[in-house]
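Asks:
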Amino acid sequence: MDNLQHVPTAEKEPFTKSRTGCVECKRKKIKCDEKKPVCSRCRRYPHICRYELKLSWTDGRPFKKARKARPGSFGAPPATYTHTFVVNGNQAIDTGAHREPALTKSRSPPNDAISPKANIDVVDVIDTIDTNLMLEADDGAEEQLSPSPFDLVHQMMLSSDAGYAEQTPLEDTLDDRVTWMQDALHGAPSTLLPSLTYIPCDLLNSPESRFYLHHYYTHTSSVIFPLSPPCNPLRDTLLSAALSTPHLLSALLASACSHYARLRGDTSAQTASTIFKFTNHGMAGLRTAMNTEGQTHTMQTISTALALCTSDVISGDLQMWRTHLRGIKDLLFSAVGKAGKQLTISDPTQLFLVKWFAALDVPAGVSGLGKGTIPDGRYWSVETTLDPTRGFVDEFMGYSLELMPILARIGRMARVEQKRRKVASASIDSEDEEVHLEMRADALKEVWDIESQLQGLFERTATSGGAHNPAVGQEMRNTHRLFVYAALLHLYRRVQDLPRHHPKVIHAVYMIIENLQRLPDNSTTNILLLWPLFSAGCEAEDPHQRCIIEERMKKMGLFGMGNVDRARRAMVEYWESGGDKRWDEFIDERGWDLALF
């Protein structure tokens, strides 16, 4: 025993608590070695390894305990409000804060505007948000036992397969579902840019505003245009401009708050007041910019109007969004210099703003309902060589830009044919009937021309951004085909007035579902497909096909877009009515409005 040598043992390293580990290790409450881009414990599932934003707070730890509203402030927002601003002496845009997604005719707002004095009162309405939304601070506070903000966001996204309207409570165990949503948001940034971590902006003095800025950057901007490249102007150019433009920043925060509320299923007065506050700030600043020489046609002013309109679509409030679009059209096309029908765009940011407007307006025009924003719908009918993505699937729109003038023609023809049918049904004069038959023959020639053009657009390749990722490139091609078949479906049903059981109609519906099933149901690309899916769902007669479309729309609703749930409920009510009339006539009779964006 004396010959045995003593072997020294290495001293065990003392355990140190880390606050900078990845989100997944924090959620499991295990030690993270903080290797980047993927820590050792997440090597099997690298897509779930993310490092969350850390902010340094200059005014103490945020949300330590809820504070009560100041005396004299009100706890619930007004039921409705209206804002108006003027373009070239004409009323251009009104907006309401009445957030009611029910498919009923909206009530008229009682008051016309909110005075600047009212703006000061609204600023003081909300000082805190739910303490569960606590952002981790750098002040050495004890480790949080509640989920991180990212886990909460993912749980809110996955809280219900039935969509926002049903508001199913959160489940206790969400591991699989959180992984599903993290896969879906694989392209979204997990943190703010370093330059945005410390922002000298009065509007971002409150932790609440900084939280919604973070949510906008990491989630909302990716959901609005899910196929957009990393240099998405919503996260890059516009956000940088917003830091020096309070009304644009307020509009972006309003869209983020609306999106977060939809994800959470939060219809409380407190959340409504927060949305009201940001929207009111944005509208007040927008009215001021509209009345200030040199600011009317700036990128910041147009972006503010687009962001406020998009916020309405996200929240499901569609009372005034078409009025918004008309005002935005006046601003946008006077800014880019539209002479006659020539659209000249040399600035990439202006081109993006036109695409953003078109993404909202094209489905509204082609879907009819007698409410086209542009009189002829031809704002993109002129060829332009300034956009290098022509001939490819556009990463913002989800389809080739070559399809846009064709969709405008289909929408215009559908409205004309609807008027002709009404006149023909009211006329008993044989001479009038002959004239209508001749006009019908001319229309059929145009239908054959459009059908031929659409058949030549089936195959389009992804842009260079999608080409680097084969999976994303294939999704872009499938998405484009869905829009082409949806255009054919509208051509057959609303222009030619073919019956549902016609082979062309059945084939178009079948091919929409066929290409849909090639897309993963958890892909954010699905967000772009509301117009094709709604169109196919309303025309589908097979119960299995209807089930496929409804289930996919429920999954789309989990991404927090209020217009999706509204469209799905309208589609189901159309089914329940028996579908004796065309869906556009059914919805028009009930006075409903849909944003199929």
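Residue numbers (this note's numbering): 8 to 604.
Virtual Cβ for every residue (Gly too), placed ideally from N, Cα, C.
Since we're looking at a predicted model, the values are computed, not measured.
My output table needs one value for P539: the three-state DSSP class, helix, strand or coil.
Replies: Reduced to three states, the DSSP call for P539 is helix.
Asks: Using 8 angstroms as the Cβ pair cut-off and three pairs as the minimum, do the region 519-527 and the region 567-576 touch?
Replies: The answer is no - the region 567-576 does not touch the region 519-527, with fewer than three Cβ pairs under 8 angstroms.
Asks: Do I321 and S262 have their C-beta atoms closer together than 8 angstroms?
Replies: Yes, they are a contact pair.
Asks: For D354, count neighbouring C-beta atoms within 10 Å of its own C-beta (all shown protein chains included) and say buried if the count is 16 or more, exposed if not.
Replies: That one is exposed.
Asks: Tell me the rounded alpha-carbon separation between K35 and C29.
Replies: Approximately 10 angstroms, taken between the alpha carbons.
Asks: Can you look up V320 in the DSSP assignment and give me helix, strand or coil?
Replies: Helix, per DSSP.
Asks: Only counting the same chain, and skipping five residues up and downstream in sequence, which positions put a Cβ closer than 8 angstroms to that of F403?
Replies: Excluding positions up to five away in sequence, the list reads F232, L234, S235, F359, K362, W363, A366.
Asks: Is A469 helix, strand or coil by DSSP?
Replies: Strand.
Asks: Hey, how far is the Cα of R553 from the Cα of P370?
Replies: Near 21 angstroms, if we compare the C-alpha coordinates of P370 and R553.
Asks: Measuring CB to CB, does L246 end up less than 8 angstroms from A314?
Replies: Not in contact: L246 and A314 (Cβ atoms no closer than 8 angstroms).
Asks: Measuring straight from C-alpha to C-alpha, what distance separates W538 and F604?
Replies: Whole-angstrom Cα-Cα distance: 7 angstroms.
Asks: Figure out for me which residue from D456, H509, R525 has the closest Cα to the Cα of T486.
Replies: Residue R525 is the option with its Cα nearest to T486.
Asks: Kindly indicate the opening and closing residues of the alpha helix (DSSP H) around E557.
Replies: Unbroken alpha helix (DSSP H) run through E557: 550-564.
Asks: Within 10 angstroms of the Cβ of R74, are there 16 or more other Cβ atoms? Answer buried if so, exposed if not.
Replies: With a pLDDT of only 43 at R74, under 50, the local geometry of the prediction cannot be trusted, and no value is derived from it.
Asks: Using the rule of at least 16 other Cβ atoms within 10 Å of the residue's Cβ for burial, across every protein chain shown, is G405 buried or exposed?
Replies: Classification of G405: buried, given that the 10 Å Cβ count is 16 or more.
Asks: To the nearest angstrom, how far is the alpha carbon of T531 from that of R428?
Replies: Distance between the alpha carbons of T531 and R428 is about 40 angstroms.
Asks: Would you kindly work out how many angstroms separate the C-alpha atoms of G170 and K561, rounded to a whole number?
Replies: The predicted model places G170 with a pLDDT of 31, which falls under 50 and marks its position as unreliable; any figure quoted below should be read in that light. Looking at the two C-alpha atoms, the distance is approximately 6 angstroms.
Asks: On the three-state DSSP scale, how would you describe S251?
Replies: DSSP places S251 in coil when its eight states are reduced to three.
Asks: Less than 8 angstroms between CB atoms is the rule here; does L537 satisfy it with respect to chain C?
Replies: Looking for chain C here will not work: only one protein chain is present.
Asks: Would you call the CB atoms of L461 and I413 closer than 8 angstroms?
Replies: It is a contact, given that the beta carbons lie within the stated cut-off.
Asks: State buried or exposed for H551, treating a residue as buried only when at least 16 other CB atoms are found within 10 Å of its CB.
Replies: The residue in question, H551, is exposed, as its Cβ has fewer than 16 Cβ neighbours within 10 Å.
Asks: Report the rounded CA-to-CA distance for S213 versus Y219, giving the unit in angstroms.
Replies: Distance between the alpha carbons of S213 and Y219 is about 10 angstroms.
Asks: Return helix, strand or coil for F604, following the three-state DSSP convention.
Replies: Here F604 sits in coil by DSSP.
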